[in-house]
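Enquirer: The structure is given below, and queries will be raised subsequently.
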Amino acid sequence: MPHIDARADEDDLWPTDAEGAERVQQRLAERVRVETLPAAQVSLVAGVDVSYAADDSALVAAVTVLDTASLRLVEAQVEVARPRFPYVPGLLAFREVPPLLKALERLECEPDVYLCDGFGLAHPRRFGLACHLGVLLERPTLGVAKSAFVGRATDPGAERGAATDLVDDGEVIGRVLRTRTGVKPVYVSTGHRVDLAGACDLVLRLCPRYRLPEPIRHADQLSRARLAER
DNA sequence: GCGACAG
DNA sequence: ATCTTGTCGC
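When the first sequence is numbered by UniProt numbering, its final residue is 230 and no position is left out of the sequence of numbers.
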């Protein structure tokens, strides 16, 4: 059960317009902290994802929690709702975080880290979905995106584990990581209270067989299945 | 000004 | 994101 940071409740966290949303990002971005996440302390890993109906009339936000060592499913929760914010590149969190928080509130266990489908610091204002969720939960988060957004990088080697820096404005904002030999790489970036190297190590550990981390795959399948049931 | 643009 | 099955390849 997540606890929303008291300070974050003071003002309007969910503006309806893009201008207000960007101001919220600039304000909350100051709270992001990059810290090391001891691998020994990660026993429960959560994956979050959101699926949408083709006509955008409904969405299903899902969270799945896996035991890091065995990769067995420990718990799963969903939130069915109607989209309240349009998809705008750079403002994805305003569309997905509200329903995700609802699903997370139903969780009985406490994940040690949350893997998000999207970016963290690798964002125009250095405050992507993973940072947003992490700051509101005040919990460790990281982002794993399937395609490029901001920054430049050279292609990592073809072997699993190969990685290159994602650079923007002279700063390393993430890593392009090959999780499967010969398969398109993923984009890993810090969300909150984790460091880039630790995030990449964890992501690689969670990808023993597929391109995407197991927690995210499970959340994706669950959200999609619940959407189809309607 | 024009195109690109996480999910 | 979503519309969509089978199929080629390791």
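Virtual Cβ for every residue (Gly too), placed ideally from N, Cα, C.
Buried or exposed: which applies to Gly157, given that a residue is buried once 16 or more other Cβ atoms fall within 10 Å of its Cβ?
Expert: Exposed.
Enquirer: Since Arg226 contacts Val80 with CB under 8 Å, what's their CB separation in whole angstroms?
Expert: Indeed they touch by this definition, with Cβ atoms about 7 Å apart.
Enquirer: Can you tell me which of the three DSSP states Gly20 falls into?
Expert: Reduced to three states, the DSSP call for Gly20 is helix.
Enquirer: First and last residue of the alpha helix (DSSP H) that includes Asp220?
Expert: Note, Asp220: alpha helix (DSSP H), Glu214 to Ala228.
Enquirer: Near Ala54, what residues of its chain come up, given a Cβ to Cβ distance below 6 Å and the 5 sequence neighbours on each side ignored?
Expert: Counting only Cβ-Cβ distances below 6 Å, and skipping sequence neighbours, we find nothing.
Enquirer: Would you kindly check if the distance between the Cβ of Gln25 and the Cβ of Phe127 is under 8 Å?
Expert: Closer than 8 Å, so yes.
Enquirer: So, at 8 Å on beta carbons, what are the nonlocal neighbours of Arg82 in its own chain, with the 5 sequence-adjacent residues on each side left out?
Expert: Once the five neighbours on either side are set aside, the close Cβ partners of Arg82 are Ser57, Ala58 and Leu59.
Enquirer: Check whether the segment 164-173 touches the segment 103-116, taking contact to mean three or more Cβ pairs, one atom from each stretch, closer than 8 Å.
Expert: Judged by Cβ distances under 8 Å, the segment 164-173 makes no contact with the segment 103-116, as fewer than three pairs qualify.
Enquirer: Please say whether Leu37 and Asp195 have beta carbons closer to each other than 8 Å?
Expert: Yes, the Cβ-Cβ distance between Asp195 and Leu37 is below 8 Å.
Enquirer: Do Val45 and Ala103 have their beta-carbon atoms positioned less than 8 Å apart in this structure?
Expert: Taking 8 Å as the Cβ cut-off, Ala103 and Val45 do not qualify as a contacting pair.
Enquirer: Measuring CB to CB, does Glu105 end up less than 8 Å from Ala61?
Expert: No.
Enquirer: Indicate the three-state DSSP secondary structure (helix, strand or coil) for Ala61 in the structure shown.
Expert: In the structure shown, Ala61 sits in a strand (DSSP, three-state: E or B).
Enquirer: Name the residue from Arg152, Glu159, Thr190 and Ser51 whose alpha carbon lies nearest to the alpha carbon of Val183.
Expert: Of Arg152, Glu159, Thr190 and Ser51, the residue nearest in Cα terms is Glu159.
Enquirer: For Leu120, tell me which candidate among Leu107, Val65, Pro98 and Leu91 has the shortest Cα-Cα distance.
Expert: Before going on, a small fix: residue 120 reads as Gly here, not Leu. It is Leu91.
Enquirer: Count the other CB atoms, across all protein chains shown, that sit within 10 Å of the CB of Tyr87; report buried if there are 16 or more and exposed otherwise.
Expert: Counting Cβ neighbours within 10 Å, Tyr87 comes out exposed, since fewer than 16 surround it.
Enquirer: Quick check on Tyr210: buried or exposed, where buried means 16 or more other Cβ atoms within 10 Å of its Cβ?
Expert: Exposed, by the Cβ-count rule.
Enquirer: Note down the Cα distance separating Ser43 from Leu206, rounded to an integer number of angstroms.
Expert: Spanning the two alpha carbons is a distance of roughly 12 Å.
Enquirer: Within the continuous beta strand (DSSP E) that includes Asp168, where are the two ends?
Expert: Taken as a continuous stretch (DSSP letters only), the beta strand (DSSP E) holding Asp168 covers Ala163 to Asp168.
Enquirer: In whole angstroms, what separates the C-alpha of Leu101 from that of Thr181?
Expert: So the alpha carbons of these two residues sit roughly 35 Å apart.
Enquirer: Please classify Asp67: is it buried, with 16 or more other beta-carbons within 10 angstroms of its beta-carbon, or exposed?
Expert: Per the 10 Å Cβ criterion, exposed.
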